[in-house]
């Protein structure tokens, strides 16, 4: 006959119950060094329910690193929320009314073709006004906003170089303005 201790777990403390089982084939003889039929074996185990059983199988380093990672993620989330709130409250971010912003916004509105349906032909809606106001120049196979800006910059440079007098300029300007003046005479 064997005695087994069954442990029942609860949150406050551990308890045990004695159960007796008989084995028919076991011949127990105290003289052979075996157990006597009346001997009792008691085993104790840690009581209570392990609420964090997955953490119980982890090393201390893994638990510490997991805690540091969790704290870092919480701090990052807190910073993101704080920055988001500050960003939305910043009045400078709400509406740009500088001259440059208004100029760019007006160029975008001028480029629109409001008669086109954006669901049917978005390119015509977004660029139709610009294409209508900037026809393809003679001698050009294609034309874009970059070409238009390039031509405007070339006109500004030509105007600036034409105004400079070689006698009043620095050494670098003399090497720039004199060849320009010579080319201007040729063409």
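Numbering (the UniProt record's numbering), first residue to last: 1 to 187. No residue lacks a Cβ here, since even glycine has one placed at the ideal position from N, Cα and C. Given the structure is predicted, the values throughout are model-derived calculations rather than measurements.
Contacting residues, own chain, Cβ-Cβ under 8 Å from residue i (five flanking each side not counted)
| i | result |
| --- | --- |
| residue 124 | 113, 116 |
| residue 110 | 129, 130, 133 |
| residue 118 | 125, 126 |
| residue 140 | 147 |
| residue 58 | 66 |
| residue 61 | none |
Sequence-distant residues of its chain with Cβ nearer than 7 Å to residue i (five each side left out)
| i | result |
| --- | --- |
| residue 79 | none |
| residue 245 | This structure gives no information on residue 245, because the portion of the chain shown stretches from 1 to 187. |
| residue 71 | none |
| residue 98 | none |
CB-CB length for residue i against residue j, believed under 8 Å
| i | j | result |
| --- | --- | --- |
| residue 134 | residue 143 | 7 Å |
| residue 157 | residue 176 | Wrong, their Cβ atoms sit about 10 Å apart, outside the cutoff. |
Cut-off 6 Å between Cβ atoms - residues of its own chain near residue i, not counting five sequence neighbours on either side
| i | result |
| --- | --- |
| residue 68 | none |
Can we say the segment 62-82 touches the segment 95-107, given the rule of at least three CB pairs closer than 8 Å?
No: fewer than three Cβ pairs fall under 8 Å.
Run through the segment 117-174 for me and flag every whole alpha helix (DSSP H) of 4 or more residues, listed as ranges in chain order.
Fully enclosed alpha helix (DSSP H) runs of no fewer than 4 residues occupy 122-133, 145-163 of the segment 117-174, in order along the chain.
Enumerated in chain order, which unbroken segments of the alpha helix (DSSP H) with a length of 4 residues or greater are wholly contained in the segment 60-102?
Listed in chain order, the alpha helix (DSSP H) elements of length 4 or more contained wholly in the segment 60-102 are 60-89.
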